[in-house]
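Trainee: Take the sequence shown: its letters are residues 1 to 604, numbered as in full-length UniProt numbering.
Pasting a structure below so you can have a look.
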Amino acid sequence: MPHEPGPAPTAAPGTANAPATWRRVARLFRPHRWAILLVVLLVGVFSALGAALPLLTQAVFDRALFGPGGPDLPLLAEFATLAALAAAVMGAADLAQTWLAARTAQSVVHTLREEMFGRLQRMPLAFFARTKGGEVQSRLTGDTAQVERAVRDTLPEALAGVLGFATAGAAMVALSVPLAAAAVLLAPVVLWVSSRSGRALGRLSAVSQESRARLSSIAAERLSLGGVTLARVHGRQDDERAAFAGESRGLARLQVRAGLTAQLVLSVAHVFFMVTPYLVFLAAGLARDVSAGTLVAFVALQSRLYQPIGQILGTVTDLRSVQGAFERVFGYLDLPAEPHPPASGGRGPGALAVRRVTFGHPAAGGPGRMALRDVSLDVPAGSAVLVVGRSGSGKTTLGHLLAGLHLPAEGAVLVDGSEVRGPRPGRVCVAPQEPFLFQGSVADNLRYADPDAPADALVRACEIAGIHERIAALPDGYDTFVGERGALLSGGERQRVALARALLSDARVLVLDEATSALDPLTEREVVRAVLAARRGRTTVVVSHRFAALDCFDLVVALDGGRVAEQGAPAELRGAPHGLYARMLRAQAVPESPVVGSGHDRPA
């Protein structure tokens with residue numbers, strides 16, 4: 001049985017192959033290499049001019065203020081003009097590189113988000129059954145936001161730190177080698193503390209992100225309409241609040257530890273910044289031949305040196321967290337997805353064939369549960385098929401296999417002679433028991449199946465589904481807002497809107513998977529009759545626990561324990577008193593129905 005992937009594996013930074021991760025990150029930036037090169041150039045201009053200004057300060061002190069003959073005002077004015085020009089160029093360069101970095105960040109993150117969303121859309125249904133919705137949202141928005149901040153802020157800061165350190169260091173060496181040596185005397189200590197703290201912070205960041213995902217999942221699930229209703233019905237509001245508070249408290253503790261770890265680096269760096277100037281002064285006193293201008297320039301350069309060191313230390317720490325975000329994003333992008341659904345192509349009559357299909361729902365850490373075993377069926381095109389069976393017999397799974405929502409572990413499903421290897425619009429459409437309606441109007445939800453459907457097509461589909469009169473009576477008719485997941489409609493209304501949407505798809509094969517279970521028996525019978533009559537000549541498979549409009553079906557398939565217990569015409573199976581179908585009819589006290597002929601005899 002093929003393995004369907006579960007949640008993406010996550011790993012703390014350092015446990016995965018970090019060089020491979022960063023090589024993959026580099027490939028993301030390859031299309032933007034010219035923009036990145038320009039950013040490097042602009043940051044280089046900014047850093048070089050920033051290092052040159054203290055040298056200009058040295059000249060101001062030694063030549064224009066305290067040179068022979070006293071202050072030289074024309075030279076001071078010349079130096080002031082040069083400083084203003086340098087500041088203007090630095091400002092323009094900084095503004096330009098900020099814009100380029102932000103533009104590149106948005107482009108890279110947009111690509112990641114789009115690829116991840118597309119990959120998630122093609123994941124098997126089992127993935128979403130086992131993965132918490134909050135975790136998926138955390139990957140799609142939280143991790144990509146962290147990547148965005150890294151591209152927009154962290155990486156440019158790292159570049160500015162490296163170039164700033166290099167240019168300031170070069171200027172310091174040019175001024176005085178002994179003073180430069182004194183300035184960096186304690187730097188190795190700071191770098192060692194930063195490296196150790198960075199690794200710890202990376203681990204804490206990975207664990208914190210997992211905690212955020214769990215917190216988001218709890219909030220999304222428990223604060224949904226169904227979650228809030230369930231908690232109130234059972235009086236569990238305090239328990240739900242305690243569960244949320246427990247996860248939030250754990251995240252808060254992680255954040256405190258992360259803050260202390262980051263502050264350790266800053267504190268050590270602060271001590272370095274406080275002590276180093278006095279080491280420079282001591283070195284200047286020992287040298288005895290250092291001019292006032294040189295010392296003033298050197299002190300100014302120290303700030304140019306210390307700031308890049310701080311940027312580099314912060315970047316090292318941030319990159320540990322960013323690596324984890326990239327690994328989690330790549331983990332989702334690398335999950336094996338189902339093939340992209342092909343175009344619908346030419347239409348056929350809707351003949352179904354199931355050839356010795358076996359399927360099991362995979363389970364994390366175990367072999368899973370077998371749902372269907374060695375199932376074979378032949379359904380002529382245009383047939384109306386009723387699939388019955390006890391709960392858990394595999395009815396819904398069979399419907400999903402027909403639509404390509406699951407792929408069989410063994411055997412094959414064919415529609416009009418072509419093997420089903422994934423969903424294909426226009427071939428098989430499923431109307432589920434629990435329909436999904438998104439926020440929008442009734443018409444918006446209906447047109448999801450056919451964006452170009454005219455108003456009269458919407459009305460016709462809703463008339464067949466028995467919901468048109470109810471919609472017409474709403475305040476805004478088909479433009480009425482349905483609420484989140486259709487909460488402003490009743491369960492039966494949601495099912496019938498979803499059924500009308502499925503009818504608008506005009507699929508060759510329509511599968512109604514308990515799609516009328518929320519209706520009363522009389523309404524259900526009327527709706528089923530109307531749907532089968534409207535789809536005369538098209539294949540319709542009705543999966544149901546309840547038997548409605550039996551005289552309208554050509555074929556009954558009874559499943560038991562994942563196997564086909566019996567199949568045949570309704571009258572034929574009803575005549576076998578010990579068969580599963582006959583026993584279920586008696587249990588539901590279904591009255592005798594007229595003898596059924598071919599599909600052409602079904603009432604319109």
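Beta carbons are placed, not taken as given, at the ideal position from N, Cα and C, and that holds for glycine.
These numbers were taken from a predicted model, which means no experiment stands behind them.
When we look at the beta-carbon of ALA292 and count the other beta-carbons within 10 Å, is it buried (16 or more) or exposed?
Mentor: Answer is exposed; the Cβ neighbour count stays below 16.
Trainee: With a 10 Å radius around its C-beta and 16 neighbouring C-beta atoms as the bar for buried, classify TYR278 as buried or exposed.
Mentor: Its Cβ having fewer than 16 others within 10 Å, TYR278 is exposed.
Trainee: Which residue from ARG421, THR144, GLY69 puts its Cα closest to that of HIS402?
Mentor: It is Leu, not His, that sits at residue 402 in the sequence shown. That would be ARG421, whose Cα lies nearest to the Cα of LEU402.
Trainee: From SER344 to ALA500, what does the alpha carbon distance come to, in whole angstroms?
Mentor: Caution is warranted here: a pLDDT of 47 is assigned to SER344, below 50, making its placement in the model unreliable, and no coordinate value can be reported.
Trainee: Under three-state DSSP, which class holds HIS110?
Mentor: Helix, per DSSP.
Trainee: Counting along the chain, where does the beta strand (DSSP E) carrying CYS429 start and finish?
Mentor: Start and end: 428 to 431.
Trainee: With which residues is HIS361 paired in a DSSP beta bridge?
Mentor: Partner(s): ARG369.
Trainee: Looking at the unbroken alpha helix (DSSP H) that takes in LEU56, where does it start and where does it end?
Mentor: From DSSP, the alpha helix (DSSP H) with LEU56 extends over 33 to 59.
Trainee: Give the secondary structure of ALA569 by DSSP, where H, G and I count as helix, E and B as strand, and everything else as coil.
Mentor: Note: ALA569 maps to coil in three-state DSSP.
Trainee: Check ALA537 in the structure and name its three-state DSSP category.
Mentor: Looking at the sequence shown, residue 537 is not Ala but Gly. Three-state result, GLY537: coil.
Trainee: Helix, strand or coil for VAL556, going by three-state DSSP, please let me know.
Mentor: Residue state, collapsed to three classes: strand.
Trainee: Mark GLN588 as exposed unless 16 or more other C-beta atoms lie within 10 angstroms of its C-beta, in which case mark it buried.
Mentor: Burial call: exposed.
Trainee: I'd like to know if the stretch 564 to 582 and the stretch 530 to 541 are in contact, where contact means that at least 3 CB-CB pairs between them fall below 8 Å.
Mentor: Judged by Cβ distances under 8 Å, the stretch 564 to 582 makes no contact with the stretch 530 to 541, as fewer than three pairs qualify.
Trainee: When you compare only the Cα positions, how much space is there between ALA83 and LEU56?
Mentor: Answer to the nearest angstrom: the Cα atoms are 8 Å apart.
Trainee: State whether the stretch 154 to 168 contacts the stretch 38 to 50, with contact taken as three or more CB pairs (one from each stretch) at a distance under 8 Å.
Mentor: Yes, since at least three Cβ pairs between the stretch 154 to 168 and the stretch 38 to 50 fall closer than 8 Å, the two stretches touch.
Trainee: Just to confirm, is the Cβ distance from HIS361 to ALA353 under 8 Å?
Mentor: No, these two residues do not count as a Cβ contact at 8 Å.
Trainee: Are the CB atoms of LEU377 and ALA431 within a distance shorter than 8 Å?
Mentor: Contact flag unset, no.
Trainee: Specify the secondary structure class of ALA449 as computed by DSSP and reduced to three states.
Mentor: Coil at ALA449, not helix or strand.
Trainee: Along the chain, where does the alpha helix (DSSP H) containing ALA384 start, and where does it finish?
Mentor: No alpha helix (DSSP H) holds ALA384; the beta strand (DSSP E) holding it covers 384 to 389.
Trainee: Between the stretch 163 to 174 and the stretch 238 to 245, can you find at least three pairs of beta-carbon atoms closer than 8 Å?
Mentor: The answer is no - the stretch 163 to 174 does not touch the stretch 238 to 245, with fewer than three Cβ pairs under 8 Å.
Trainee: Among ALA325, VAL375, VAL379, which one has its Cα closest to the Cα of ALA351?
Mentor: Minimum Cα distance to ALA351 is reached at VAL379.
Trainee: Beta carbon of GLN527, beta carbon of THR516: below 8 Å?
Mentor: A small fix is needed here, since residue 527 is Val in this sequence, not Gln. Going by C-beta atoms, VAL527 is nearer than 8 Å to THR516.
Trainee: In the DSSP assignment, what are the bridge partners of VAL296?
Mentor: Answer is none; VAL296 lacks a bridge partner.
Trainee: When you compare each of VAL299, LEU85, VAL357, SER138 to PHE326 by their alpha carbons, which one comes out closest?
Mentor: Checking every option, the nearest Cα to that of PHE326 belongs to SER138.
Trainee: Does DSSP put VAL528 in a helix, in a strand, or in coil?
Mentor: Of the three classes helix, strand and coil, the one that applies to VAL528 here is helix, per DSSP.
Trainee: What did DSSP end up calling ARG23 once you bin it into helix, strand or coil?
Mentor: ARG23 falls in the helix class under three-state DSSP.
Trainee: Which residue wins for smallest C-alpha separation from PRO124, given the options GLY426, LEU407, ASP476?
Mentor: It is LEU407.
Trainee: Here's the rule I'm using: 16 or more other beta-carbon atoms within 10 Å means buried, otherwise exposed. How should ARG496 be labelled?
Mentor: Counting Cβ neighbours within 10 Å, ARG496 comes out buried, since at least 16 surround it.
Trainee: Which same chain residues end up closer than 8 Å to LEU474 when comparing Cβ atoms and leaving out the 5 residues on each side of it in sequence?
Mentor: Hits under 8 Å: VAL442, THR480.
Trainee: With distances taken Cα to Cα, identify the nearest neighbour of LEU504 among HIS400, ASP456, ARG525.
Mentor: Cα-wise, what sits closest to LEU504 is ASP456.
Trainee: Would a C-beta distance cut-off of 8 Å place ALA182 and ALA51 closer than the cut-off?
Mentor: For ALA182 and ALA51, no; Cβs fall outside 8 Å.
Trainee: Quick check on the burial criterion: 16 or more other C-beta atoms within 10 angstroms. Buried or exposed for residue 605?
Mentor: Limits of the chain in this structure are 1 at one end and 604 at the other, which puts residue 605 out of reach.
Trainee: Got a sec, what are the start and stop residues for the alpha helix (DSSP H) GLY417 sits in?
Mentor: Premise fails: GLY417 is in no alpha helix (DSSP H) and is neither H nor E.
Trainee: Just the C-alpha distance for LEU38 and ASP476, rounded to the nearest angstrom, thanks.
Mentor: Distance between the alpha carbons of LEU38 and ASP476 is about 55 Å.
Trainee: How many Å lie between ARG390 and ARG257 at the Cα?
Mentor: Distance between the alpha carbons of ARG390 and ARG257 is about 54 Å.
Trainee: Taking its Cβ as the centre, do 16 or more other Cβ atoms sit within 10 Å of ASP143, making it buried, or is it exposed?
Mentor: Result: buried.
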